[in-house]
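Report on one structure; see the data block that follows.
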Amino acid sequence: MAKKSEADLRTDINKAIEIYQPITFVTFYLSDYGEMVVKLISESILRRFERFDMMEIVYTAAKELIINATKANIKRVLFHDRNLNPDNPEQYAEGLRLFKDELNEDNVRKYVPKFRAQNLPVHATFYYSPEVLNIKVKNAFPLLPQEEKRIRDKFYKARSFSSLIDFYTEYSDDTEGAGLGLTMVGILLDNTGIDQHAFTLYSNKNYNETAAKLEIPLTDTYVSKRRRFEIEREDRGLSADELRHQFQAKSIEPYTGPTTAG
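Using our numbering, the letters of the sequence shown map in sequence onto residues 3 to 264.
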């Protein structure tokens, strides 16, 4: 399928924005064309709501999450092709060593045929209103328990860093680049004045996905989902787990609009 021109993409994106339709970008590898698409989606939404001042943080964070999700796909392919058992500590360590060796742009590109063969796309969906821009970047598999632990440990440690330079100095030789990229986004948001809690990561076995979600306020009066959750929890006298269970019991996957491939 021929790729659309920038002008045609802009027209399609603006039509979707006019009716507040979610926009989904699907990719196996973020090429220069793909970066242009992500930048165009981000720019068009922010210009529509007169928040182009947020362009750098939105584009940088979205791009980093997509790259991070692609790295996670490499790890899945490596474990699959080498028949490594992630529940075996020695085999998991071997998989991480191989994974680290593969983390450069040329190597990532060569994995695209395997991503396609094993049905491992990355979906980035932009949901928006005049008050908030939500970005969801997902992989087609849940996290392994040890992956979730490593990533959450990095989130916790990142709270002690005030700048990206300090964080990279500490973790420049990190063995698992996925957690590093996610944590970088959290610090980036914090440095921009956005609460790090606006960035969440969840893994869902029922939907067979792992998703990183950004909630970027576009107005000063916007109340975050996390804050609304706390207000409802207090009003109903429930624990966080009780209220979360009620939400999960009745939740469904949201509809997403036209898809753009890159």
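For each residue, glycine too, the CB sits at the ideal point set by N, CA and C.
Tell me the residue span of the alpha helix (DSSP H) that contains residue i.
| i | result |
| --- | --- |
| residue 79 | 57-83 |
| residue 20 | 8-20 |
| residue 40 | 34-50 |
| residue 239 | It is not in any alpha helix (DSSP H) - residue 239 carries neither H nor E in the DSSP assignment. |
| residue 143 | No alpha helix (DSSP H) contains residue 143, which DSSP labels as neither H nor E. |
| residue 103 | 91-103 |
| residue 114 | 114-119 |
Applying the 10 Å Cβ sphere with the 16-neighbour rule, what's the burial state of residue i?
| i | result |
| --- | --- |
| residue 106 | exposed |
| residue 70 | buried |
| residue 64 | buried |
| residue 60 | buried |
| residue 218 | buried |
| residue 17 | exposed |
| residue 78 | buried |
| residue 222 | exposed |
| residue 195 | exposed |
| residue 212 | buried |
| residue 22 | exposed |
| residue 233 | exposed |
| residue 149 | buried |
| residue 124 | buried |
| residue 95 | exposed |
| residue 141 | buried |
| residue 10 | exposed |
| residue 36 | buried |
| residue 151 | exposed |
| residue 97 | buried |
Since residue i sits in a beta bridge, which residues does DSSP pair it with?
| i | result |
| --- | --- |
| residue 219 | 134 |
| residue 211 | 206 |
| residue 127 | 26, 138 |
For residue i, report the span of its beta strand (DSSP E) as first-last.
| i | result |
| --- | --- |
| residue 203 | 201-206 |
| residue 28 | 25-29 |
So, under 8 Å CB-CB, residue i and residue j are touching, yes? Tell me the CB distance rounded to an integer number of Å.
| i | j | result |
| --- | --- | --- |
| residue 27 | residue 126 | 5 Å |
| residue 72 | residue 32 | 6 Å |
| residue 76 | residue 104 | 6 Å |
| residue 84 | residue 42 | Actually they do not touch by this definition, with Cβ atoms about 38 Å apart. |
| residue 206 | residue 144 | 6 Å |
| residue 67 | residue 242 | Their Cβ separation, rounded to whole angstroms, is 25 Å, which puts residue 67 and residue 242 out of contact at 8 Å. |
| residue 57 | residue 45 | 6 Å |
| residue 135 | residue 47 | 6 Å |
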